[in-house]
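Only one structure is covered here, and it is reproduced in the block below.
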Amino acid sequence: AQSVAQPEDQVNVAEGNPLTVKCTYSVSGNPYLFWYVQYPNRGLQFLLKYITGDNLVKGSYGFEAEFNKSQTSFHLKKPSALVSDSALYFCAVPYSSASKIIFGSGTRLSIRP
Amino acid sequence: DGGITQSPKYLFRKEGQNVTLSCEQNLNHDAMYWYRQDPGQGLRLIYYSQIVNDFQKGDIAEGYSVSREKKESFPLTVTSAQKNPTAFYLCASGQGSEQYFGPGTRLTVT
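Listed below in structure tokens is the structure:
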């Protein structure tokens, strides 16, 4: 069965420092992996996806994610955090059929000035 | 939030009343979804529809009902049978495995 796990409920980073939000996955076959962001009282916005190819995927707002097959991880990264990056981040993987998506439990990213 | 609208943004109801949440999309997507989000938690799938006039239960369908009479619209009814309806409700549409979300409706039942 497809699943993703986000081991950290909260990540705190100082503005200007690099940030990492962790995600590990368990999938059968080739993984499709996604990151979404949710700002307070808003819907989710798509950030980036990995389908195949380069292990480093670039997305919106300066975010990137590194696919690591041996560690079954898909961590979200940004070289220099902004206060405006503070939000809830979800890692996700599609079900094997029916176009459904399984979301992780979410990680709250807090960037302090 | 793309081409998906949800209304209203905030909704208040008395216990025992049914309430319908609206979701409309102009992205021409076949698939539409309803999720529930509780404070500090992830998303749980309530219902989804892959095509007009067809829909399937998600993980927490009890106490909810949907219809899909038009491609653009996927309304969700929260019935009085739903034991704990106060939550943030998110609608999404998708093409393939990528989903696009509406701004959400925050429902409070007292």
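If you read the sequences in order, they're chains A and B. Heads up, the first sequence is in this note's numbering, so the first residue is 1463 and it goes up one at a time. Heads up, the second sequence is in this note's numbering, so the first residue is 2 and it goes up one at a time. We treat Cβ as the ideally placed atom computed from N, Cα and C, and that holds for glycine.
If you look at A:H1537, you'll find it in the beta strand (DSSP E) that goes 1535-1540. The beta carbon of A:P1575 sits closer than 6 angstroms to the beta carbons of E1477, V1545 from its chain, once the five residues preceding and following it are set aside; these are given in chain order. Under the 8 angstroms Cβ criterion, the region 14-29 of chain B does not count as touching the region 1566-1573 of chain A, having fewer than three qualifying pairs. Near chain A, meaning a CB-to-CB distance below 7 angstroms, the residues of the region 43-54 of chain B are G43, L44, L46, Y49, Q51. Two segments are said to touch when three or more pairs of C-beta atoms, one from each, lie closer than 8 angstroms; by this definition the region 1499-1511 of chain A does not touch the region 1471-1485 of chain A. Along the region 60-73 of chain B, there is no position whose C-beta sits under 7 angstroms from a C-beta of chain A. Taking A:K1562 as reference, the option from B:S50, B:L12, B:E16 with the minimal CA-CA separation is B:S50. B:D55 has B:I52 as its beta-bridge partners, per DSSP. Residues of the same chain with a CB within less than 7 angstroms of the CB of A:T1514, apart from the 5 flanking positions on each side, are N1492 in chain order. Rounded to the nearest angstrom, the Cβ distance from B:I47 to B:R37 is 6 angstroms, consistent with a contact under 8 angstroms.
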